[in-house]
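Quick note on numbering: the sequence shown equals residues -20 to -1, 1 to 248 in mature numbering (1 follows the signal peptide of the UniProt record, and there is no 0). The beta-carbon is built from N, C-alpha and C at its ideal position, and this holds for glycine as well. These figures come from a predicted structure and were not determined experimentally.
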Amino acid sequence: MIKPIYLFYVFIFSTPLVFAQSQQGGRLAAMGNNGAAVKDIWGTSTNPASISELKVPALQLNYEKHFLADDLSSAALAFVFPCNRYSFGINIQRYGIPEFSTIKTGLIVAKQFGQKLSIGLRANYHQIKISNYGTTKGISVDIGVFFQLNEKLFVGAYINNPSQESYNTRVINIAVLTSAHIGLAYQTSAKVLIATTLSKELDLPWNVAMGIDYQLIKSLSIRSGVSVAPFKHHIGIGLSSLHFLTDVTFIKDPNLGYSPQITIGYVF
């Protein structure tokens, strides 16, 4: 009897959150999931245009334990390869339990136009597998823009699935998430970055996220953030060396509890 109750809990409370929020890596997650206007490899899952600002190839892996549940977790991969004014990326995400799992694979291309403007596109392949129902698939395309207003101020915006595609199935009525995001990032100094993102998903309230990244010393950063719909606290640290990095993040949902995650990465 415990397993059916647990599954009901997961479907009612967890599934909407997963469709509404892609994995953004430890740094952006600790800043309140602020991915619209921050230059980061996890632009592969947020604003695809932002990866054009990365100058060297990089790879990161992320793992999150949702609400400290034994079976409920997410894993993700992000890879970026810049080439002249183009940047190419791959993002793979998996969420689930044995009875329910989702996989999303994204291929990204971004291009710089001049010194300040970048535009990016992401083509996604979605898959949902549910026990006793089988597997269903879908495709979608996302678009993003990234603009540097000056040396310290950046603005970014992206839309997920503007054509409102849905999964190819007659058994399960699930639409691919459609959402719009716009954000602002301010580099107050060489050590402090402040960011905010305003997001809107179809049929859901507006969400506002705010966060800060403070580089305490060269190899250590501390981060914190908050998001309001639903309300969550975010906190984390980042450790880095010449080529390797590790981010540890905790997200607290007042109703569902803590979700710890770890990111490891390599800069080539």
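Residue 80 vs residue 236 beta-carbon contact at 8 Å: Your numbering for residue 80 matches position 100 in the sequence shown. Your numbering for residue 236 matches position 256 in the sequence shown. No, the pair does not count as a contact, with Cβ atoms beyond the cut-off.
Own chain partners of residue 133 with C-beta closer than 6 Å, once the 5 adjacent residues on each side are dropped: Counting from 1 along the sequence shown, the entry for residue 133 is found at position 153. 166, listed in sequence order.
Simplified DSSP state of residue 52, which is helix, strand or coil: For the purposes of this step, residue 52 is taken as residue 72 along the sequence shown, with counting starting at 1. Coil, per DSSP.
Which listed residue (145, 208, 220, 186) has its alpha carbon closest to that of residue 197: Locating residue 197 in the sequence shown gives position 217, counting from the first residue. Nearest option by C-alpha distance: 220.
Burial state of residue 225 (16 or more Cβ within 10 Å): Translated into the one-based positions of the sequence shown, residue 225 becomes position 245. By the neighbour-count rule (16 or more Cβ atoms within 10 Å), residue 225 is buried.
Minimum C-alpha distance to residue 199 - residue among 206, 189, 227: Indexing the sequence shown from 1 puts residue 199 at position 219. That would be 227, whose Cα lies nearest to the Cα of residue 199.
The region 41 to 60 touching the region 96 to 105, judged by at least three CB pairs closer than 8 Å: no
Supposed contact pair residue 69 and residue 123 - C-beta distance, whole angstroms, cut 8 Å: Residue 123 sits at position 143 when you count from the first residue of the sequence shown. Residue 69 sits at position 89 when you count from the first residue of the sequence shown. Residue 123 to residue 69, Cβ: 14 Å. No contact.
Given residue 194 as reference, the closest of 186, 188, 169, 183 once Cα atoms are compared: Residue 194 sits at position 214 when you count from the first residue of the sequence shown. Comparing Cα-Cα distances from residue 194 to each of 186, 188, 169, 183, the minimum goes to 169.
C-beta contact flag for residue 11 and residue 205 at 8 Å: One-based indexing of the sequence shown puts residue 11 at position 31. One-based indexing of the sequence shown puts residue 205 at position 225. Their beta carbons are under 8 Å apart, which means residue 11 touches residue 205 by this criterion.
Sequence-distant residues of its chain with Cβ nearer than 7 Å to residue 248 (five each side left out): Here residue 248 refers to the residue found at position 268 of the sequence shown. By the criterion of a C-beta distance shorter than 7 Å, residue 248 is surrounded in its chain by 36, 37, 38, once the five residues flanking it on both sides are discounted.
Where residue 115 falls, given that 16 or more other Cβ within 10 Å makes a residue buried: Position 135 of the sequence shown holds residue 115. Per the 10 Å Cβ criterion, exposed.
C-alpha distance - residue 213 paired with residue 190, whole-angstrom precision: Within the sequence shown, numbered from 1, the residue matching residue 213 stands at position 233. Within the sequence shown, numbered from 1, the residue matching residue 190 stands at position 210. Approximately 10 Å between the Cα atoms of the pair.
Secondary structure of residue 203, DSSP reduced to three states: Taking the first residue of the sequence shown as position 1, residue 203 is located at position 223. The answer is strand: DSSP assigns residue 203 an E or B state.
For residue 85 and residue 145, the rounded distance between their alpha carbons: Looking up residue 145 in the sequence shown gives position 165. Looking up residue 85 in the sequence shown gives position 105. Taking the straight line from one Cα to the other gives about 15 Å.
Cβ-based neighbour list, residue 127, same chain, cut-off 8 Å, excluding 5 preceding and 5 following: The residue given as residue 127 occupies position 147 in the sequence shown. Excluding sequence neighbours, residue 127 sits near 96, 97, 98, 134, 135, 136.
Beta-carbon proximity of residue 76 to residue 243, cut-off 8 Å: As a working mapping, residue 76 is identified with position 96 in the sequence shown. As a working mapping, residue 243 is identified with position 263 in the sequence shown. Contact flag unset, no.
Residues of its chain near residue -12, where Cβ-Cβ distance is below 7 Å and the 5 sequence neighbours each way are ignored: By one-based count along the sequence shown, residue -12 stands at place 9. For residue -12, the predicted structure reports a pLDDT of 46, less than 50, and the residue's modelled location is therefore unreliable. The matter cannot be settled from this model.
Spatial neighbours of residue 16 in its chain, beta-carbon cut-off 7 Å, leaving aside the 5 residues before and after: In the sequence shown, counting from the first residue as 1, residue 16 sits at position 36. Cβ neighbours of residue 16 beyond the five flanking positions: 26, 27, 136, 137, 138, 161, 162, 163, 177.
Short Cβ contact (8 Å threshold) for residue 250 with residue 60: Since the first and last residues shown for the chain are -20 and 248, residue 250 lies out of range.
Pairwise C-alpha distance: residue 108 and residue 249: Absent from the structure is residue 249, since the part of the chain shown begins at -20 and ends at 248.
For residue 33, three-class secondary structure by DSSP: Within the sequence shown, numbered from 1, the residue matching residue 33 stands at position 53. DSSP places residue 33 in helix when its eight states are reduced to three.
Residue 24 versus residue 129: straight-line alpha-carbon distance, rounded: To locate residue 24, count along the sequence shown from 1; it is residue 44. To locate residue 129, count along the sequence shown from 1; it is residue 149. Residue 24 and residue 129 have their C-alpha atoms some 22 Å from each other.
DSSP three-state assignment for residue 239, whether helix, strand or coil: By one-based count along the sequence shown, residue 239 stands at place 259. It is a strand residue.
Buried/exposed call for residue -19, threshold 16 Cβ in 10 Å: The count along the sequence shown starts at 1 and reaches residue -19 at position 2. Residue placement at residue -19 cannot be trusted, given a pLDDT of 39 that sits under 50; what the coordinates show is reported in the next sentence. Answer is exposed; the Cβ neighbour count stays below 16.
Reduced DSSP secondary structure (H/G/I, E/B, other) of residue 97: Residue numbering aside, residue 97 sits at position 117 when the sequence shown is read from its first letter. Residue 97 sits in a strand when the DSSP states are folded into three classes.
Residue 234 burial status per 10 Å Cβ neighbour count (16 or more: buried): By one-based count along the sequence shown, residue 234 stands at place 254. Per the 10 Å Cβ criterion, exposed.
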